[in-house]
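What follows is a single structure, written as structure tokens, with notes after it.
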Amino acid sequence: GWLDGYSAVVTGAGSGLGKAIVGRFLTEGANVVAFDKSGEKLSALKTHHGDAVETVTGDVRSIEDNKRACERAIEKFGKLDTFVGNAGLWDFNRTLTDTPSELLEAGFDELFGVNVKGYVLGAKAAIPALQASGGSIVLTLSNASFFSGGGGGPLYVASKHAGVGLVKQLAYELAPRVRVNAVAPGGMDTDLRGPDALGLSNTAIGQAFPIGEVMKQRSALHFEPAPEDYVAAYVLLAAKSQSRTVTGSVFDVSSFGTPTRPSGG
Ligand code: NAD
Numbered sequence: 299g300w301l302d303g304y305s306a307v308v309t310g311a312g313s314g315l316g317k318a319i320v321g322r323f324l325t326e327g328a329n330v331v332a333f334d335k336s337g338e339k340l341s342a343l344k345t346h347h348g349d350a351v352e353t354v355t356g357d358v359r360s361i362e363d364n365k366r367a368c369e370r371a372i373e374k375f376g377k378l379d380t381f382v383g384n385a386g387l388w389d390f391n392r393t394l395t396d397t398p399s400e401l402l403e404a405g406f407d408e409l410f411g412v413n414v415k416g417y418v419l420g421a422k423a424a425i426p427a428l429q430a431s432g433g434s435i436v437l438t439l440s441n442a443s444f445f446s447g448g449g450g451g452p453l454y455v456a457s458k459h460a461g462v463g464l465v466k467q468l469a470y471e472l473a474p475r476v477r478v479n480a481v482a483p484g485g486m487d488t489d490l491r492g493p494d495a496l497g498l499s500n501t502a503i504g505q506a507f508p509i510g511e512v513m514k515q516r517s518a519l520h521f522e523p524a525p526e527d528y529v530a531a532y533v534l535l536a537a538k539s540q541s542r543t544v545t546g547s548v549f550d551v552s553s554f555g556t557p558t559r560p561s562g563g
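Quick note: the sequence shown uses the working numbering, first residue 299, plus one each step.
Right under this line is the structure:
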């Protein structure tokens with residue numbers, strides 16, 4: 299595979315896109331440290347995949363937990379080639395107007411804590427090992443990194459735009475040894491939750507929102523993607539043999555940049 303002998307850390311690996319990335323990375327020949335806050339999801343993943351997967355339960359908002367995940371990769375697999383920052387929270391399209399002001403500070407801090415600080419701390423923890431291996435960082439962004447009016451409310455859209463800045467600046471800082479890129483997927487029915495501080499942690503995106511229908515109608519390609527449909531882009535960007543010229547780029551695999559046209563034409 300394109301990732302034969304690679305050692306990777308994937309955050310938010312317990313479900314949805316992160317779980318699909320883990321599965322595909324293993325198929326491509328990598329060993330993976332799966333990092334998530336849910337120990338329950340991680341033990342299911344471990345049972346399914348066995349020795350090629352190590353699990354670390356922790357919070358991406360903690361530098362110590364990020365360091366533990368990277369150290370585990372080195373302990374078990376001898377090095378770290380790829381850090382995939384992927385854990386995220388959504389805001390369920392909650393508008394600023396409709397967000398009670400007494401919840402706003404904590405809601406902002408929680409969402410930005412995971413979506414932005416989580417990526418900064420993950421990169422910080424991974425840098426020494428990636429400099430040693432000549433490896434790379436791949437972050438999960440979103441159609442909400444480029445467009446308003448569908449991907450989320452202001453907190454989520456701002457957090458995913460912030461990710462674009464982080465990719466560009468870290469690509470500059472870490473060149474030429476370490477590449478930094480991102481994948482911007484569109485909607486999918488996963489276990490994606492929102493900030494507890496906004497009362498949005500008890501429902502998953504697919505339960506609260508007709509995400510499948512939205513993708514069928516609003517994406518130019520008129521179908522509902524599964525997480526597995528997005529993961530090849532991560533393999534491409536992680537594999538140095540396939541993308542050694544690529545850094546500072548965000549691969550938009552969402553199809554939201556193309557306006558929809560009536561089907562059947
Ligand atoms: P998901 O909830 O199924 O997966 C995210 C995982 O992150 C969960 O297992 C969760 O336990 C974990 N997590 C959340 N907070 C954490 C924390 N503080 N520390 C450690 N782990 C934590 O959702 P998903 O849809 O697979 O989301 C993955 C990424 O995809 C996110 O960055 C999200 O913004 C992005 N994305 C999702 C969609 C969509 O429609 N689902 C669209 C575009 C982008």
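Using N, Cα and C, we set each Cβ at its ideal position, and we do this for glycine too.
Looking at the ligand NAD, does it come within less than 7 Å of L498, judged from the CB to the closest heavy atom? no
Which residues bound the alpha helix (DSSP H) around T345? 337-347
Drop a sphere of 10 angstroms on the beta-carbon of Y532, count the other beta-carbons inside from all chains shown, and report buried for 16 or more, exposed for fewer. Y532 should be labelled buried.
Taking 8 Å as the cut-off, does the segment 509-521 touch the segment 300-316 (at least 3 CB pairs, one atom from each stretch)? no
DSSP-derived helix/strand/coil call for R516: If DSSP states are grouped into helix, strand and coil, R516 belongs with the helices.
For the putative contact between G546 and K466, defined by C-beta atoms under 8 Å, what is the C-beta separation to the nearest angstrom? 5 Å
Beta-carbon spacing of G449, A456 below 8 Å: Going by C-beta atoms, G449 is not nearer than 8 Å to A456.
Taking 8 Å as the cut-off, does the segment 536-544 touch the segment 491-500 (at least 3 CB pairs, one atom from each stretch)? no
For E352 and V331, believed in contact at Cβ under 8 Å, the rounded distance: 5 Å
Give me the DSSP bridge partner(s) of L437. Per DSSP, G383, A480.
Could you check what DSSP says for V414 in three-state terms: helix, strand or coil? Under the three-state reduction of DSSP output, V414 falls in the helix class.
Sequence-distant residues of the same chain with beta carbon closer than 6 Å to F375, five excluded per side: S305, N329
With DSSP run on the structure shown, which of helix, strand or coil describes D334? strand
Do the segment 356-367 and the segment 403-420 touch if we need at least three Cβ pairs shorter than 8 Å? yes
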